[in-house]
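Undergrad: Residue numbers (my numbering): 236 to 566.
Even for Gly, the Cβ is constructed at its ideal location relative to N, Cα and C.
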């Protein structure tokens, strides 16, 4: 079966998309990737870029997209977290009668999501928290996350200081980083926070850095910026707790950290969606800080149990099989 896999970026620094495509290929799909920009690596499967890495304008990228979807031969379309491309391509896929599927783990409505709700086949999402607008609809299929368990083989946690807290995700308002900063302020001064992630919203990051100064946390907070995915395991294994207060969604970084024996401190809803047995009772900084104090020395769950949860509920091989039931049938 020929599958057109559409995503924003494909490069080695963020191996997430590459691992997904390789698993589709391993399970028998003939995959062509169409992306806005790509790296210089050899991926082992066809990759067509819209040209952003070469300086293509937005108009040129859109034109390249339209030309590609019309000229290529494929049986199914899989749109990965990029509803805008469905907005631009749905007209052709309706004409051709091509079944289209979308992976979307957010809760915000936008034009591409609304259009897909009318004309697309199935939304796939990690947890029931995603796409609440489609609760009860047979178009919304909850399948868990997709963590490659070969790439994320179990690693021993070597945390030397449980007071060294970790945060890994995009820095945007939806992640509610300010709550974690307020949590840190409520903790004893020996606690510190290391933050890794791309500055997705620079104005928000400026606000965060101003808040760090206002709370007198300059010596306790470090912004490291983005980091290649292949280096993350070393960072996860150096920490016992990873902080994440994003609401209505679970970041894959929490699951990756769990494979390295690092326990997520997150919202109660996120914890339940992951399969964790303990979490802060609410999102108040003082309550979260109390949870950290009680669990930083002895984690609520063993590293073996954390790894089992990720493998059984959020493994990539199982995810592709679950989605494949619908994709292969065209349902």
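#1: Can you grab the Cα-Cα spacing for the pair residue 426 / residue 456, in whole Å?
#2: So if DSSP puts residue 344 in a beta bridge, which residue, or which two residues, is it bridged to?
#3: Looking only at C-alpha atoms, which of 289, 258 and 265 sits nearest to residue 271?
#4: Shortest alpha-carbon distance to residue 285 belongs to which of 298, 535 and 277?
#5: What is the rounded straight-line gap between the Cα of residue 280 and the Cα of residue 239?
#6: Leaving aside the five residues before and after residue 563 along the sequence, list all residues of the same chain whose C-beta is less than 7 Å from its C-beta, in chain order.
#7: Quick one: is residue 263 buried, meaning 16 or more other Cβ sit within 10 Å of its Cβ, or exposed?
#8: Looking at the structure shown, is residue 285 part of a helix, part of a strand, or coil, going by DSSP?
#9: Let me check understanding here. Comparing Cα to Cα, which of 538, 544, 560 and 558 lies closest to residue 392?
#10: If we require 4 or more residues per run, which alpha helix (DSSP H) segments fall completely within the region 449 to 513?
#11: Compare the Cα-Cα distances from residue 344 to each of 368, 332, 356 and 423 and report the closest residue.
#12: Residue 254 lies in the alpha helix (DSSP H); which residues open and close that run?
#13: Just how far apart, CA to CA, sit residue 274 and residue 303?
#14: If you draw a straight line from the C-alpha of residue 409 to the C-alpha of residue 532, how long is it?
#15: Assess contact between the region 321 to 332 and the region 345 to 355, defined as three or more Cβ pairs (one per stretch) separated by less than 8 Å. Is contact present?
#16: Are the region 248 to 259 and the region 460 to 479 touching by the rule of at least three beta carbon pairs closer than 8 Å?
#17: Mind checking residue 459: buried by the 16 CB within 10 Å criterion, or exposed?
#18: Identify every residue that forms a DSSP beta bridge with residue 360.
#19: So, helix, strand or coil for residue 242, using DSSP?
#20: How far does the beta strand (DSSP E) with residue 400 in it reach, from first residue to last?
#21: Decide if residue 423 is buried, meaning its Cβ has at least 16 other Cβ atoms within 10 Å, or exposed.
#22: Residue 422 lies in the beta strand (DSSP E); which residues open and close that run?
#23: Taking the beta carbon of residue 307 as the centre, do at least 16 other beta carbons fall within 10 Å, making it buried, or is it exposed?
#24: Should residue 475 be labelled buried (16 or more other beta-carbon atoms within 10 Å of its own) or exposed?
#25: Just confirm the distance between the C-beta atoms of residue 430 and residue 493, as a whole number of angstroms; I'd bet it's less than 8 Å.
#26: Which class does residue 328 belong to by DSSP, given the choice of helix, strand or coil?
#27: State the Cα-Cα distance for the pair residue 382 and residue 520, rounded to the nearest angstrom.
#28: Going by DSSP in three states, residue 309 sits in which element: helix, strand or coil?
#29: In the DSSP assignment, what are the bridge partners of residue 394?
#30: For the alpha helix (DSSP H) that contains residue 271, what are its first and last residues?
#31: Drop a sphere of 10 angstroms on the beta-carbon of residue 448, count the other beta-carbons inside from all chains shown, and report buried for 16 or more, exposed for fewer.
#32: Go to residue 337, then tell me how far its beta strand (DSSP E) extends in each direction, as first and last residue.
#33: Looking at residue 478: is its Cβ nearer than 7 Å to the Cβ of residue 402?
#34: Just to confirm my understanding: we take residue 491, look at its own chain, exclude 5 residues before and 5 after, and list those with CB closer than 7 Å. What are they?
TA: Once the coordinates are examined:
#1: As a position in the chain shown, residue 426 is number 191, starting the count at 1. As a position in the chain shown, residue 456 is number 221, starting the count at 1. Here the C-alpha atom of residue 426 lies approximately 9 Å from the C-alpha atom of residue 456.
#2: What you label residue 344 is simply residue 109 of the chain shown in a count that begins at 1. Here residue 344 is not bridged, per DSSP, to any residue.
#3: Within the chain shown, residue 271 is the residue found at index 36, counting from 1. Measuring from the Cα of residue 271, the nearest candidate turns out to be 289.
#4: If you number the chain shown from 1, residue 285 lands on position 50. When only C-alpha atoms are compared, the closest one is 298.
#5: If you number the chain shown from 1, residue 280 lands on position 45. If you number the chain shown from 1, residue 239 lands on position 4. Straight-line Cα distance between these residues: approximately 12 Å.
#6: As a working note, residue 563 is residue 328 in the chain shown. Here the set comprises 236.
#7: Residue numbering aside, residue 263 sits at position 28 when the chain shown is read from its first letter. Exposed: under 16 other Cβ atoms inside 10 Å.
#8: Against the chain shown, residue 285 aligns to sequence position 50. DSSP places residue 285 in the coil class of the three-state scheme, outside both helix and strand.
#9: The residue given as residue 392 occupies position 157 in the chain shown. Minimum Cα-Cα distance from residue 392 among the listed residues 538, 544, 560 and 558 corresponds to 538.
#10: As far as the region 449 to 513 is concerned, its whole alpha helix (DSSP H) runs of at least 4 residues are 467 to 471, 487 to 493 and 503 to 509.
#11: Position 109 of the chain shown, counted from the start, is the residue given in the question as residue 344. Closest in C-alpha terms to residue 344, from the list 368, 332, 356 and 423, comes 368.
#12: On the chain shown, residue 254 is found 19 positions in, with the first residue counted as 1. Secondary structure note for residue 254: its alpha helix (DSSP H) is the uninterrupted segment 251 to 261.
#13: Counting from 1 along the chain shown, the entry for residue 274 is found at position 39. Counting from 1 along the chain shown, the entry for residue 303 is found at position 68. Between residue 274 and residue 303, the C-alpha separation is close to 19 Å.
#14: For this step, residue 409 is matched to residue 174 along the chain shown. For this step, residue 532 is matched to residue 297 along the chain shown. Put simply, the backbone Cα of residue 409 is about 29 Å away from that of residue 532.
#15: The way I'd put it, the region 321 to 332 does touch the region 345 to 355; three or more beta-carbon pairs between them come closer than 8 Å.
#16: Touching, yes, given that three or more Cβ pairs across the two stretches are closer than 8 Å.
#17: Here the question's residue 459 lines up with position 224 in the chain shown. Using a 10 angstroms sphere on the CB of residue 459, the tally of other CB atoms stays under 16, which defines it as exposed.
#18: Here residue 360 refers to the residue found at position 125 when the chain shown is read from its first residue. 377, per the DSSP bridge assignment.
#19: The count along the chain shown starts at 1 and reaches residue 242 at position 7. Judged by DSSP in its simplified three-state form, residue 242 adopts strand.
#20: Taking the first residue of the chain shown as position 1, residue 400 is located at position 165. Residue 400: member of the beta strand (DSSP E) spanning 399 to 403, first to last residue.
#21: Taking the first residue of the chain shown as 1, we reach residue 423 at position 188. Residue 423 is exposed by the Cβ-count criterion.
#22: Here residue 422 refers to the residue found at position 187 of the chain shown. Per DSSP, residue 422 lies in no beta strand (DSSP E) and is assigned neither H nor E.
#23: Along the chain shown, read from residue 1 onward, the residue named residue 307 stands at position 72. Per the 10 Å Cβ criterion, exposed.
#24: Reading the chain shown from its first residue, position 240 is the one you call residue 475. The residue is buried, with at least 16 neighbouring Cβ atoms inside 10 Å.
#25: Position 195 of the chain shown, counting from 1, holds the residue named residue 430. Position 258 of the chain shown, counting from 1, holds the residue named residue 493. Actually they are not in contact, since the Cβ atoms of residue 430 and residue 493 sit about 19 Å apart, beyond 8 Å.
#26: Against the chain shown, residue 328 aligns to sequence position 93. Of the three classes helix, strand and coil, the one that applies to residue 328 here is helix, per DSSP.
#27: Counting from 1 along the chain shown, the entry for residue 382 is found at position 147. Counting from 1 along the chain shown, the entry for residue 520 is found at position 285. Going from the Cα of residue 382 to the Cα of residue 520 covers about 30 Å.
#28: Taking the first residue of the chain shown as 1, we reach residue 309 at position 74. Three-state result, residue 309: coil.
#29: By 1-based counting over the chain shown, the position of residue 394 is 159. Residue 394 is not bridged to any residue.
#30: As a first step, residue 271 is located in the chain shown; it is residue number 36 there, counting from the start. Unbroken run through residue 271 is the beta strand (DSSP E), 265 to 273; no alpha helix (DSSP H).
#31: The count along the chain shown starts at 1 and reaches residue 448 at position 213. Residue 448 is exposed by the Cβ-count criterion.
#32: Start at 1 with the first residue of the chain shown, and residue 337 comes out as number 102. Taken as a continuous stretch (DSSP letters only), the beta strand (DSSP E) holding residue 337 covers 335 to 338.
#33: Walking along the chain shown from the start, residue 478 turns up at place 243. Walking along the chain shown from the start, residue 402 turns up at place 167. Cβ atoms of residue 478 and residue 402: closer than 7 Å.
#34: By 1-based counting over the chain shown, the position of residue 491 is 256. Result list for residue 491: 382, 387, 467 and 471, in chain order.
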